[in-house]
Amino acid sequence: KTISKLQAKIRLLAQALEGVNQLDPVGDIRQCGMMVGIELVKDRKSKETYPLVEKKGIRVALAARRRGMLIRPLGNVVVFMPPLSIPHRTLTRMVQILHDSIREVVS
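Here the sequence shown stands for residues 76 to 182, numbered as in the working numbering.
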């Protein structure tokens, strides 16, 4: 049953991430199924990344954790891999947490 509902969740995730992709510090969003990598950049046009000493990825992960969500920072990329059995409402809420956490850190 989980697998049969997966394609709808993948589409929902892609649609929900469109709002995150509008944020200025998001240089790229890479999605493969339910795995997502969000690259944080200093300049969206040039794709210039933040210096690693600024720890933007770690700071976004900590902001998300304060909101009850675990994501993995890899330098200036935050990785989001929700469980395949996640309900639609929870998936939408988690993307909102990502959005809010990125805005908090880079504003």
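Here a beta-carbon is modelled for each residue, glycine too, at the ideal position from N, C-alpha and C.
Sequence-distant residues of the same chain with beta carbon closer than 8 Å to residue i, five excluded per side
| i | result |
| --- | --- |
| D175 | A138 and R142 |
| L81 | G108, M109 and L159 |
| T77 | L159 and S160 |
Residue i - partner residues in DSSP beta bridges
| i | result |
| --- | --- |
| M110 | C107 |
| E123 | D118 |
| P148 | V153 |
| V101 | L115 |
Pair within 8 Å by beta-carbon distance, residue i and residue j
| i | j | result |
| --- | --- | --- |
| L115 | V170 | no |
| V153 | A136 | yes |
| I146 | K84 | no |
| R86 | D99 | no |
Rounded distance between the beta-carbons of residue j and residue i, thought under 8 Å
| i | j | result |
| --- | --- | --- |
| G102 | K122 | 5 Å |
| M156 | M109 | 6 Å |
| V95 | L173 | 6 Å |
| Q106 | L127 | So it is not a contact: roughly 24 Å between Cβ atoms. |
Close-in-space but distant-in-sequence residues of the same chain around residue i (CB under 6 Å, 5 per side omitted)
| i | result |
| --- | --- |
| V181 | P100 |
| R134 | V180 |
| I177 | L98 and V135 |
Residue i versus residue j: straight-line alpha-carbon distance, rounded
| i | j | result |
| --- | --- | --- |
| Y125 | G132 | 9 Å |
| R164 | Q90 | 13 Å |
| I113 | S79 | 26 Å |
Residues near residue i by beta carbon distance below 7 Å, same chain, minus five either side
| i | result |
| --- | --- |
| K117 | E123, T124 and Y125 |
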